[in-house]
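One structure is given below, encoded as structure tokens.
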Amino acid sequence: MHRAARIIASVDETTTGADAGAILDELVGPFYDVDGVTGYLDLDGDDLARMVAAEQVIWVPLAGGTPVFPAWQFPDGRWVDERLLTIWQALRRAAEPWTAACWMCAPSADLDDQTAIAYLTRGPRDPRRLDTVLARASEDCARWMQ
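Residue numbers (my numbering): 5 to 150.
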């Protein structure tokens, strides 16, 4: 049986700059903590650690290194949306977690002024949408790696 998930609304108390933390909270959050996401996904801590290491779940580190998990990655049930995970994995080849998460949460003119998340999860389920977002992510990753 799934335990009730606990969402933490803010990472503000754990960041070094309150202003930066507030901006990241507003852009990327709210977040599940480790207990919340293990309960939500009905996993144990070791399974979750393996998923983090393999980039099978979207996560960002707090200032002390503890991972938290954006709630938006679970739009249709108790697992990470595979379209979002595909984009995350592409971005993580060139970017650290906060950069990748912020990229996914920032509106883009190339995506009808929507975030990658909204473009993929709120529009029609069309493989061309994933191709569009993946192409944009790949272009940005190539620039970051120069």
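By construction, the Cβ of each residue, glycine as well, lies at the ideal position given by its N, Cα and C atoms. Since we're looking at a predicted model, the values are computed, not measured.
Selection from the options that minimises the alpha carbon distance to residue i
i       : options                           : result
Glu-59  : Met-108, Asp-114, Thr-125, Arg-97 : Arg-97
Asp-114 : Leu-134, Tyr-36, Gly-68, Leu-95   : Leu-134
Arg-87  : Leu-31, Gly-33, Asp-130, Leu-47   : Asp-130
Thr-125 : Pro-65, Val-84, Leu-31, Val-64    : Val-84
Asp-37  : Leu-31, Thr-90, Gly-49, Glu-30    : Gly-49
Ser-112 : Asp-144, Ala-99, Pro-128          : Asp-144
Bounding residues of the beta strand (DSSP E) (the contiguous stretch that carries residue i)
i       : result
Val-41  : Looking at the DSSP string, Val-41 is not in any beta strand (DSSP E); the run it does join, the alpha helix (DSSP H), is 38-45.
Pro-131 : Where Pro-131 is concerned, there is no enclosing beta strand (DSSP E), although the alpha helix (DSSP H) it sits in stretches over 131-148.
Pro-101 : Premise fails: Pro-101 lies in the alpha helix (DSSP H), 101-109, not in any beta strand (DSSP E).
Cys-73  : Note on identity: in this sequence residue 73 is Phe, with Cys being the wrong assignment. 71-74 is the span of the beta strand (DSSP E), which, as asked, contains Phe-73.
CB-CB length for residue i against residue j, believed under 8 Å
i       : j       : result
Trp-92  : Ile-121 : Not really, about 10 Å apart at Cβ, beyond 8 Å.
Leu-138 : Ala-105 : That pair is no contact at about 17 Å.
Gly-33  : Pro-74  : 7 Å
Thr-103 : Ala-110 : About 10 Å; that fails the 8 Å criterion.
Val-64  : Pro-101 : 5 Å
Closer than 8 Å: residue i CB and nearest the ligand ATP heavy atom
i      : result
Ala-57 : Because no ligand of any kind appears in the structure shown, any question about the ligand ATP cannot be addressed here.
Host alpha helix (DSSP H) of residue i (start-end)
i       : result
Val-56  : 49-57
Gln-1   : The structure shown does not extend to residue 1, since the chain is modelled only from 5 to 150, so the question has no answer here.
Leu-124 : 120-125
Own chain residues within Cβ distance below 8 Å of residue i, not counting five before or after
i       : result
Arg-82  : His-6, Tyr-44, Leu-45, Asp-46
Ala-141 : Ile-91, Ala-94, Leu-95, Trp-107, Ala-120
Leu-52  : Val-38, Val-41, Thr-42, Leu-45, Val-61
7 Å Cβ shell around residue i - same chain, five flanking residues per side excluded
i       : result
Val-56  : Trp-63, Pro-71
Trp-148 : Ala-98, Ala-99
Sequence-distant residues of the same chain with beta carbon closer than 6 Å to residue i, five excluded per side
i       : result
Asp-117 : Pro-111
Pro-79  : Asp-85, Thr-125
Thr-136 : none
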